[in-house]
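S.K.:
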Amino acid sequence: MVSSHRDDQAIARHQTATKPPASMENEKTVLPRPPAKLQIIINETQVSIEELPASNRTHYFALSDGYIYMALDPKSDGPLTFTSETLMNDVHWWAYDPPAELVFDIESIEGSAKYGLPELDTLLTTSIVGADTLQDQLRRAATTQKRTTALAALRESPEASSSPNAAVAGPSRPRPQTSATDEDTSSNEQNQQTRVISQGSTKTNMTIDSGYMSAAERYHSESSSNDPQQGYSKLSPFARFKKLLKKRGIKGKSEMKEPTGECVSCLDDFPEGEMVNVKCHGYCKECFERLVIAAMETEAMWPVKCCLKDISHAVIMKNVNASLAQKFQTKALERKVHVGDRIYCIKPGCETWIPNNWFNKSLKCASCPSCKTRVCTACRGSWHANTECPKDKDFQATVRLAEERGWKKCYNCNAFVELNTGCRHMKCRCKAEWCYVCLAKWMTCQCTERQHFEIVFDLEQRLRHAARQTRVPTIPTRQEAERIRREAERERIAVQLVEDFERRQAEELGREAERRFQEEEDIRRRREETRLTEIALMFGQIREELQVLHSSQKLRLATRSQKEYRILQERELELNNLQFLHSRDINQLETEYKNEISKQEMRFLNEYNEREREEVRVEKETSEKIEAFWKDKPDAVYNIKAAKVSHQANCIAMFRKWDFDRKTALQDLAENFESKKSLLSRTQISDMADFAWRVRSEWRDWARHKVAEVKWFEAVITERESMVRTLENQQYAMATEESETGRAL
Numbered sequence: 181m182v183s184s185h186r187d188d189q190a191i192a193r194h195q196t197a198t199k200p201p202a203s204m205e206n207e208k209t210v211l212p213r214p215p216a217k218l219q220i221i222i223n224e225t226q227v228s229i230e231e232l233p234a235s236n237r238t239h240y241f242a243l244s245d246g247y248i249y250m251a252l253d254p255k256s257d258g259p260l261t262f263t264s265e266t267l268m269n270d271v272h273w274w275a276y277d278p279p280a281e282l283v284f285d286i287e288s289i290e291g292s293a294k295y296g297l298p299e300l301d302t303l304l305t306t307s308i309v310g311a312d313t314l315q316d317q318l319r320r321a322a323t324t325q326k327r328t329t330a331l332a333a334l335r336e337s338p339e340a341s342s343s344p345n346a347a348v349a350g351p352s353r354p355r356p357q358t359s360a361t362d363e364d365t366s367s368n369e370q371n372q373q374t375r376v377i378s379q380g381s382t383k384t385n386m387t388i389d390s391g392y393m394s395a396a397e398r399y400h401s402e403s404s405s406n407d408p409q410q411g412y413s414k415l416s417p418f419a420r421f422k423k424l425l426k427k428r429g430i431k432g433k434s435e436m437k438e439p440t441g442e443c444v445s446c447l448d449d450f451p452e453g454e455m456v457n458v459k460c461h462g463y464c465k466e467c468f469e470r471l472v473i474a475a476m477e478t479e480a481m482w483p484v485k486c487c488l489k490d491i492s493h494a495v496i497m498k499n500v501n502a503s504l505a506q507k508f509q510t511k512a513l514e515r516k517v518h519v520g521d522r523i524y525c526i527k528p529g530c531e532t533w534i535p536n537n538w539f540n541k542s543l544k545c546a547s548c549p550s551c552k553t554r555v556c557t558a559c560r561g562s563w564h565a566n567t568e569c570p571k572d573k574d575f576q577a578t579v580r581l582a583e584e585r586g587w588k589k590c591y592n593c594n595a596f597v598e599l600n601t602g603c604r605h606m607k608c609r610c611k612a613e614w615c616y617v618c619l620a621k622w623m624t625c626q627c628t629e630r631q632h633f634e635i636v637f638d639l640e641q642r643l644r645h646a647a648r649q650t651r652v653p654t655i656p657t658r659q660e661a662e663r664i665r666r667e668a669e670r671e672r673i674a675v676q677l678v679e680d681f682e683r684r685q686a687e688e689l690g691r692e693a694e695r696r697f698q699e700e701e702d703i704r705r706r707r708e709e710t711r712l713t714e715i716a717l718m719f720g721q722i723r724e725e726l727q728v729l730h731s732s733q734k735l736r737l738a739t740r741s742q743k744e745y746r747i748l749q750e751r752e753l754e755l756n757n758l759q760f761l762h763s764r765d766i767n768q769l770e771t772e773y774k775n776e777i778s779k780q781e782m783r784f785l786n787e788y789n790e791r792e793r794e795e796v797r798v799e800k801e802t803s804e805k806i807e808a809f810w811k812d813k814p815d816a817v818y819n820i821k822a823a824k825v826s827h828q829a830n831c832i833a834m835f836r837k838w839d840f841d842r843k844t845a846l847q848d849l850a851e852n853f854e855s856k857k858s859l860l861s862r863t864q865i866s867d868m869a870d871f872a873w874r875v876r877s878e879w880r881d882w883a884r885h886k887v888a889e890v891k892w893f894e895a896v897i898t899e900r901e902s903m904v905r906t907l908e909n910q911q912y913a914m915a916t917e918e919s920e921t922g923r924a925l
């Protein structure tokens, strides 16, 4: 804070009119030129436009509300810094309008054209409304909490019944006193209706609640009271703010003259930024969505084309709304499956296509993703639950063959497995292990190898019997029987080789499928990592652009603040000049009085000398006449002396009358001077106090408004960062969902 010695000097300078130096009139005033940066400190809590390592701290507020100290330092080269102990403790920044710099150059963030994010176009403006709404919700919640706490304390207080303001039962009970917070909140809500938004310059309007007016307008309003900018707005703050945005949008269009293009479908002209440009033509958003919907509804028009050229899915996903994009993605997956292989839900009114990832191949059923209805994949009808489909001819033939050959069904994948050689321990290609005798999971049963041999022997007997039934009913010779046995053995070996080959081929196909799945999984993972990296880089660039935009907006606010600061400094110089003019008028009046009193005294001195010479001459002549008259008369000496004494008495009386008139004239002159000086001093003191009060009010209101603008910047920037973070999380969620969908396919 400012030292007490400097405060005493400042108070003495404001309370006592001192004579300025003689060289002040010819001295050229040099105003400080601080850089375009702003920094405000309130109660040792820094509220700043930009963090700076050093500053030239200029103190504007002292320890009491009744006195304000303004320091003018022509050597100031640092940022503006304000320190207040009392006046700035409670600045309700939300009661002020958001600074117009918050919408400055927002067109530089091209959300749709550059990043394909239409939400980013409206984020910069909706964040202002969001910050105000969030602050209003917090204030209302705090007010409700305080009111609830106060009422609860009032009810629980044992002295409530004896208090004159306590609420008692009955119709005549007095109302509890309203807290200061509630009054402030209600007054803020009423005052919010009369706020006028700052236009980004040094000229702003004054509101009833805050009393703020820039130094430039307050200064010029004294001489021009018919300024059309004065008065109060009848619009709500955000209605005026939207009107300002609309004006800025119209102004930007008229200045930039964005090129337009013709939609090939509706033949209307649209700005290039709102067009969807494909390889051959351009569409407006609405016509492009209708083109996509038509292709989705009619399979003959699939895929989406323009001049028989396919439109890439990336272009479609970027230029349609989120709901249509989701439907298009599902339809694209459906159209990749052949018409004969597609399965649709059999529930009336649903008829949804069932993707392959909703199939259960082991149960031969497909579940509808919409209504969860199960459909048989063999007959396209209702699922048969635990029974086989009667229309599955291949399965029936396989069952008959399995019964003839003694094949067993795996408990895990329901695949048929044939035992050629070996023990009863079976290992399916699905990695399941089970007992050939009882089909139970391996190592969970009590079967023996004897039972296994009996089953194998019975199977061989049935195969021989079946072979005998198919032979010619003639009795073969021994050689013929041997030949038949060898041929049967060769046939068995050939079948065994074929089955071994098929088994190895199936295993190879399984390994190949596993390898392809792993490769696709790696590709999907790399694609997902690439997409996540792109999102991170994109939002990193968005945050950098927002940081540059916020720096530009802060610099613009700081530049305007410097202009207002310089105007207020000029007002402070006007206060000093007024003090100098008052001192000069007093000195001029004293000089005129001294000159007049000197002139009158000189006149009276000359008059006195003239009267003295005249009296000497008259006395001499009178003495001669008296002596000549009384010569040679009786009692001449006595009469001559008496006549001279009488003449001298007349001369003395005339002199005393002249001296009385002289003193009266000089006294009237002095009283007239004192009256003029007293009147001038009172007028000067009144003018000085009124002007100083206006300057103090301008400094106080300006500093309060600066605090409000900085708080607005902090709240809006925080809201923008939160909205960007939410948008980034949405993009990550969409990328993850796309990756999961690709994995399911």
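FYI, in this note's numbering the residues of the sequence shown are 181 to 925.
Note that the Cβ used here is the ideal one computed from N, Cα and C, for glycine as well.
Since the structure is predicted, the reported quantities are computational estimates derived from the model, not experimental observations.
Measure the alpha-carbon distance for Leu543 versus Glu725 and round it to whole angstroms.
M.R.: As a first step, residue 543 must be located in the sequence shown, where it is residue number 363. As a first step, residue 725 must be located in the sequence shown, where it is residue number 545. Spanning the two alpha carbons is a distance of roughly 55 angstroms.
S.K.: What are the partner residues of Cys551, as DSSP defines its beta bridges?
M.R.: The sequence position of residue 551 within the sequence shown is 371, counting from 1. Cys551 is not bridged to any residue.
S.K.: So what does Cys545 bridge to, in DSSP terms?
M.R.: For the purposes of this step, residue 545 is taken as the residue at position 365 of the sequence shown. Answer is Asn540, Cys556.
S.K.: Where Gln911 and Ile715 are concerned, what is the direct C-alpha to C-alpha distance, given to the nearest angstrom?
M.R.: If you number the sequence shown from 1, residue 911 lands on position 731. If you number the sequence shown from 1, residue 715 lands on position 535. Computed Cα separation, rounded: 7 angstroms.
S.K.: Check whether the stretch 812 to 830 touches the stretch 735 to 755, taking contact to mean three or more Cβ pairs, one atom from each stretch, closer than 8 angstroms.
M.R.: Result no; under three Cβ-Cβ pairs closer than 8 angstroms.
S.K.: With DSSP as the reference, label Lys326 as helix, strand or coil.
M.R.: If you number the sequence shown from 1, residue 326 lands on position 146. Here Lys326 sits in helix by DSSP.
S.K.: Kindly indicate the opening and closing residues of the alpha helix (DSSP H) around Glu679.
M.R.: Counting from one through the sequence shown, the residue named residue 679 turns up at place 499. Here the alpha helix (DSSP H) through Glu679 covers 658 to 809.
S.K.: If contacts are defined as beta-carbon pairs under 8 angstroms, then Gln749 and Leu849 qualify, I think. What distance do you get, rounded to the angstrom?
M.R.: Here the question's residue 749 lines up with position 569 in the sequence shown. Here the question's residue 849 lines up with position 669 in the sequence shown. Rounded, the Cβ-Cβ distance is 43 angstroms, inconsistent with contact.
S.K.: By the 10 Å Cβ neighbour count, where 16 or more other Cβ atoms means buried, how is Asp680 classified, buried or exposed?
M.R.: As a first step, residue 680 must be located in the sequence shown, where it is residue number 500. It counts as exposed.
S.K.: Alpha carbons only, please: which of Arg666, Cys464, His493, Cys460 is nearest the one belonging to Ala475?
M.R.: Residue 475 sits at position 295 when you count from the first residue of the sequence shown. Comparing Cα positions, the closest option is His493.
S.K.: From Cys590 to Arg696, what distance separates their C-alpha atoms?
M.R.: Taking the first residue of the sequence shown as position 1, residue 590 is located at position 410. Taking the first residue of the sequence shown as position 1, residue 696 is located at position 516. Computed Cα separation, rounded: 26 angstroms.
S.K.: In whole angstroms, what is the alpha-carbon distance linking Asp449 and Glu692?
M.R.: What you label residue 449 is simply residue 269 of the sequence shown in a count that begins at 1. What you label residue 692 is simply residue 512 of the sequence shown in a count that begins at 1. In a straight line, the C-alpha of Asp449 is about 55 angstroms away from that of Glu692.
S.K.: Assign Glu477 to one of two classes, buried (16 or more other C-beta atoms within 10 Å of its C-beta) or exposed (fewer than that).
M.R.: Stepping through the sequence shown from its first residue, residue 477 is reached at position 297. Label assigned to Glu477: exposed.
S.K.: Find the nearest neighbour of Ile289 within the set Thr328, Thr302, Glu699, Glu281, judged by alpha-carbon distance.
M.R.: Translated into positions along the sequence shown, residue 289 becomes position 109. If we check each option's Cα against that of Ile289, Thr302 comes out closest.
S.K.: How would you call Ala895, buried or exposed, if buried means at least 16 neighbouring beta carbons within 10 angstroms?
M.R.: Residue mapping note: residue 895 aligns to position 715 of the sequence shown, counting from 1. Classification of Ala895: buried, given that the 10 Å Cβ count is 16 or more.
S.K.: For the beta strand (DSSP E) that contains Phe450, what are its first and last residues?
M.R.: For the purposes of this step, residue 450 is identified with residue 270 of the sequence shown, where counting begins at 1. Unbroken beta strand (DSSP E) run through Phe450: 449 to 451.
S.K.: What are the start and end residues of the beta strand (DSSP E) that includes Lys527?
M.R.: Mapped onto the sequence shown, residue 527 falls at position 347. Counting along the chain, Lys527 falls outside any beta strand (DSSP E), and DSSP gives it neither H nor E.
S.K.: Helix, strand or coil: how does DSSP classify Phe596 here?
M.R.: Here the question's residue 596 lines up with position 416 in the sequence shown. In the structure shown, Phe596 sits in a strand (DSSP, three-state: E or B).
S.K.: Quick check on this structure: which residue in Met481, Trp482, Lys498, Arg704 has the alpha carbon closest to the alpha carbon of Val456?
M.R.: The residue you call residue 456 lines up with position 276 of the sequence shown. It is Lys498.
S.K.: Suppose you measure from the CA of Leu859 to the CA of Lys800; what does that come to, to the nearest Å?
M.R.: Position 679 of the sequence shown, counted from the start, is the residue given in the question as residue 859. Position 620 of the sequence shown, counted from the start, is the residue given in the question as residue 800. Between Leu859 and Lys800, the C-alpha separation is close to 52 angstroms.
S.K.: With distances taken Cα to Cα, identify the nearest neighbour of Gly310 among Trp882, Ile897, Arg515.
M.R.: To locate residue 310, count along the sequence shown from 1; it is residue 130. The candidate whose alpha carbon is nearest that of Gly310 is Ile897.
S.K.: For Phe719, count neighbouring C-beta atoms within 10 Å of its own C-beta (all shown protein chains included) and say buried if the count is 16 or more, exposed if not.
M.R.: Translated into the one-based positions of the sequence shown, residue 719 becomes position 539. By the neighbour-count rule (16 or more Cβ atoms within 10 Å), Phe719 is buried.
S.K.: Ala808: which of Ala823, Val796, Glu640 sits nearest, CA to CA?
M.R.: For the purposes of this step, residue 808 is taken as residue 628 along the sequence shown, with counting starting at 1. Ala808 has its Cα closest to that of Ala823, out of Ala823, Val796, Glu640.
S.K.: May I ask you to list the residues that DSSP assigns as paired with Ser855?
M.R.: Counted from its first residue, the sequence shown places residue 855 at position 675. According to DSSP, which records beta bridges pairwise, Ser855 is partnered with nothing at all.
S.K.: Straight-line CA distance for Ile534 to Ile523?
M.R.: Indexing the sequence shown from 1 puts residue 534 at position 354. Indexing the sequence shown from 1 puts residue 523 at position 343. Approximately 6 angstroms between the Cα atoms of the pair.
S.K.: Among Glu744, Ser861, Ser547, Phe637, whose alpha-carbon lies nearest the alpha-carbon of Asp767?
M.R.: For the purposes of this step, residue 767 is identified with residue 587 of the sequence shown, where counting begins at 1. The sequence given here has Asn at residue 767, not Asp. Per the Cα distances, Ser861.
S.K.: Beta-carbon within less than 8 angstroms of Gln676's beta-carbon, same chain only, minus the 5 sequence neighbours each way: which residues are those?
M.R.: As a first step, residue 676 must be located in the sequence shown, where it is residue number 496. Same-chain partners within the cutoff: Asn600.
S.K.: Between Ile806, Trp838, Lys813, which has its C-alpha nearest Val825's C-alpha?
M.R.: Taking the first residue of the sequence shown as 1, we reach residue 825 at position 645. Comparing Cα positions, the closest option is Ile806.
S.K.: Evaluate Arg905 with the Cβ neighbour count: other Cβ atoms within 10 Å of its Cβ, from every protein chain shown; 16 or more gives buried, anything less gives exposed.
M.R.: By 1-based counting over the sequence shown, the position of residue 905 is 725. By the 10 Å Cβ count, Arg905 comes out exposed.
S.K.: Helix, strand or coil, according to DSSP, for Val283 in the structure here?
M.R.: What you label residue 283 is simply residue 103 of the sequence shown in a count that begins at 1. In this structure, Val283 counts as helix in the three-state DSSP scheme.
S.K.: When DSSP builds the beta bridges, which residues end up paired with Lys589?
M.R.: Locating residue 589 in the sequence shown gives position 409, where the first residue counts as 1. The partner list for Lys589 (beta bridge, DSSP) reads Phe596.
S.K.: Tell me the DSSP bridge mates of Val456?
M.R.: Within the sequence shown, the letter at position 276 stands for residue 456. In DSSP, Val456 forms a bridge with Tyr463.
S.K.: With DSSP run on the structure shown, which of helix, strand or coil describes Cys831?
M.R.: Taking the first residue of the sequence shown as position 1, residue 831 is located at position 651. DSSP places Cys831 in helix when its eight states are reduced to three.
S.K.: Pick helix, strand or coil for Trp533, following the three-state DSSP scheme.
M.R.: Counted from its first residue, the sequence shown places residue 533 at position 353. Note: Trp533 maps to strand in three-state DSSP.
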